[in-house]
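Numbering (the numbering used here), first residue to last: 1 to 423.
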């Protein structure tokens, strides 16, 4: 029995090329799906495979270009050989047969199967293939560079810049937190804490400050007895001092400094000199990010700053505790005055004071009201309606219903908020 060798080797070559294609497809999936955090951790432990993976994914454009180039070469070559072979075996219908057969083989054995395995074993697969893929990347580097230049030129023609998003890592972390929270793998409280850390660079002191209307101040010209009485009646340990006009902040009175001065005066309040007790006031522009303000507090061992606008007018105050609360949630001690700004009702609605921050409402109810254009719930309603609505008016936006309950002059002081049942 004579066997035509020319009809034996093409199927073998096609099989080898399909295996190579599967290797490239699986490698691409594994190297893009591998956990970067896990790889960095393994690299620190001395794993050479993890080190190679980190080096490869550091240049993703070159990595993907090399793998796609190799994968397309073997797929096109395998299809060409299969077509030529089947033309000899079955005649003119060989093109149609080759198209059908190669589509099935490539789809199942060179794409779906290796990629499925790679997704389920991404870290281990990535470290295993990092060696040969690293060699491939080095060999194809010149050719990939040419391809990259052509791609950039083509994108430029259509006005598209091929630049990486600088915020991509932060967005990736935030997206991972939200995804795991929705799956139930991350507690809601942990989601808010982790998200709070990421928000420090995006929020400004204006977003979390105590508004000027809520600041407890002391007139420095009051008799010492009155200064001591007001300081003791206040739940705060640091109080701004003003003279003449409340815009004229001359310093900060610390309760501990006041107590020390009283002891040194043997309890004689009349001999106290507020100007000698006060500390220098720290001012912060309203546009300062929480991250920058936190860094300032840490560098200067400070806990308290007066927030001012671009004209120097007082807008409010910010404390270290206010910033920390954006991460860990509300912090209260035995001297805090509890103000119920968010009061959930049995019917699923929420009574909200107009001054209540949107972020506090979102955290309390696990809602997602936008806080880009307004800080408070009343501010959000005013922004959306472009008016100051009267009590009884109802509005629906962002998937929630807002009912105006109370209004004082030009301020919305109370609302009822609920999810829109129609959505």
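For each residue, glycine too, the CB sits at the ideal point set by N, CA and C.
To which residues does DSSP link residue 353 through a beta bridge?
Indexing the chain shown from 1 puts residue 353 at position 353. Looking at the DSSP assignment, residue 353 forms a beta bridge with 414.
Near residue 43, what residues of its chain come up, given a Cβ to Cβ distance below 7 angstroms and the 5 sequence neighbours on each side ignored?
Reading the chain shown from its first residue, position 43 is the one you call residue 43. Excluding the 5 residues flanking it on each side, residue 43 has same chain C-beta neighbours closer than 7 angstroms at 50, 51 and 54, in chain order.
Confirm, please, whether the CB-CB distance from residue 290 to residue 201 is below 9 angstroms.
The residue labelled residue 201 in the question sits at position 201 within the chain shown. The residue labelled residue 290 in the question sits at position 290 within the chain shown. Yes, they are a contact pair.
Rounding to the nearest angstrom, what Cα-Cα distance links residue 38 and residue 306 in this structure?
In the chain shown, residue 38 corresponds to position 38, counting from 1. In the chain shown, residue 306 corresponds to position 306, counting from 1. Distance between the alpha carbons of residue 38 and residue 306 is about 43 angstroms.
Scan the segment 235–292 and note each continuous alpha helix (DSSP H) run of 4 residues or more that stays entirely inside, going in chain order.
Listed in chain order, they are 255–264 and 274–277.
Close-in-space but distant-in-sequence residues of the same chain around residue 117 (CB under 8 angstroms, 5 per side omitted)
Within the chain shown, numbered from 1, the residue matching residue 117 stands at position 117. Excluding sequence neighbours, residue 117 sits near 26 and 125.
Using CA coordinates, which residue listed in 272, 212, 324 and 296 is at the minimum distance from residue 313?
By 1-based counting over the chain shown, the position of residue 313 is 313. Comparing Cα-Cα distances from residue 313 to each of 272, 212, 324 and 296, the minimum goes to 212.
Taking only the alpha-carbon atoms, compute the straight-line gap between residue 413 and residue 267 and give it to the nearest angstrom.
On the chain shown, residue 413 is found 413 positions in, with the first residue counted as 1. On the chain shown, residue 267 is found 267 positions in, with the first residue counted as 1. Distance between the alpha carbons of residue 413 and residue 267 is about 43 angstroms.
Hey, out of 299, 382 and 344, whose CA is closest to residue 374's CA?
Here residue 374 is taken as the residue at index 374 of the chain shown, counted from 1. It is 382 whose Cα lies nearest to the Cα of residue 374.
Which class does residue 18 belong to by DSSP, given the choice of helix, strand or coil?
As a position in the chain shown, residue 18 is number 18, starting the count at 1. Helix, per DSSP.
Taking only three categories from DSSP, how would you classify residue 81?
Sequence index remark: in the chain shown, residue 81 carries index 81 (1-based). In the structure shown, residue 81 adopts helical secondary structure according to DSSP, grouped into three states.
So, at 7 angstroms on beta carbons, what are the nonlocal neighbours of residue 255 in its own chain, with the 5 sequence-adjacent residues on each side left out?
Walking along the chain shown from the start, residue 255 turns up at place 255. Cβ within range, chain order: 231 and 237.
With H, G and I counted as helix, E and B as strand and the rest as coil, what does DSSP make of residue 342?
As a working mapping, residue 342 is identified with position 342 in the chain shown. Of the three classes helix, strand and coil, the one that applies to residue 342 here is strand, per DSSP.
Under 7 angstroms Cβ to Cβ from residue 193, same chain only, skipping five residues before and after it: list those, please.
In the chain shown, counting from the first residue as 1, residue 193 sits at position 193. Excluding residues within five positions, the ones whose Cβ falls inside 7 angstroms are 327 and 328.
Just how far apart, CA to CA, sit residue 198 and residue 366?
On the chain shown, position 198 is the one that residue 198 refers to. On the chain shown, position 366 is the one that residue 366 refers to. Roughly 17 angstroms separates the two Cα atoms.
Per DSSP, what kind of secondary structure is residue 60 in: helix, strand or coil?
Numbered from 1 along the chain shown, position 60 holds the residue referred to as residue 60. Here residue 60 sits in helix by DSSP.
Let's test the definition: count the other Cβ atoms within 10 Å of the Cβ of residue 119 and tell me whether it reaches 16, buried, or not, exposed.
Numbered from its first residue, the chain shown carries residue 119 at position 119. With fewer than 16 Cβ atoms within 10 Å of its Cβ, residue 119 is classed as exposed.
DSSP three-state call for residue 219: helix, strand or coil?
One-based indexing of the chain shown puts residue 219 at position 219. Reduced to three states, the DSSP call for residue 219 is strand.
Relative to the C-alpha of residue 123, which candidate in 205, 68, 28 and 82 has its C-alpha closest?
Walking along the chain shown from the start, residue 123 turns up at place 123. If you compare the alpha carbons of 205, 68, 28 and 82 with that of residue 123, the shortest gap goes to 28.
Alpha carbon to alpha carbon, how far is residue 166 from residue 172?
Residue numbering aside, residue 166 sits at position 166 when the chain shown is read from its first letter. Residue numbering aside, residue 172 sits at position 172 when the chain shown is read from its first letter. With a pLDDT of 48 at residue 166, under the threshold of 50, the modelled position of this residue cannot be trusted; read the value that follows with caution. When rounded, the distance between both Cα atoms is 11 angstroms.
List the whole-angstrom C-beta distance separating residue 315 from residue 209, where the pair is believed to meet the contact cut-off of C-beta under 8 angstroms.
Taking the chain shown and counting its residues from 1, the one referred to as residue 315 is at position 315. Taking the chain shown and counting its residues from 1, the one referred to as residue 209 is at position 209. Confirmed, about 7 angstroms.
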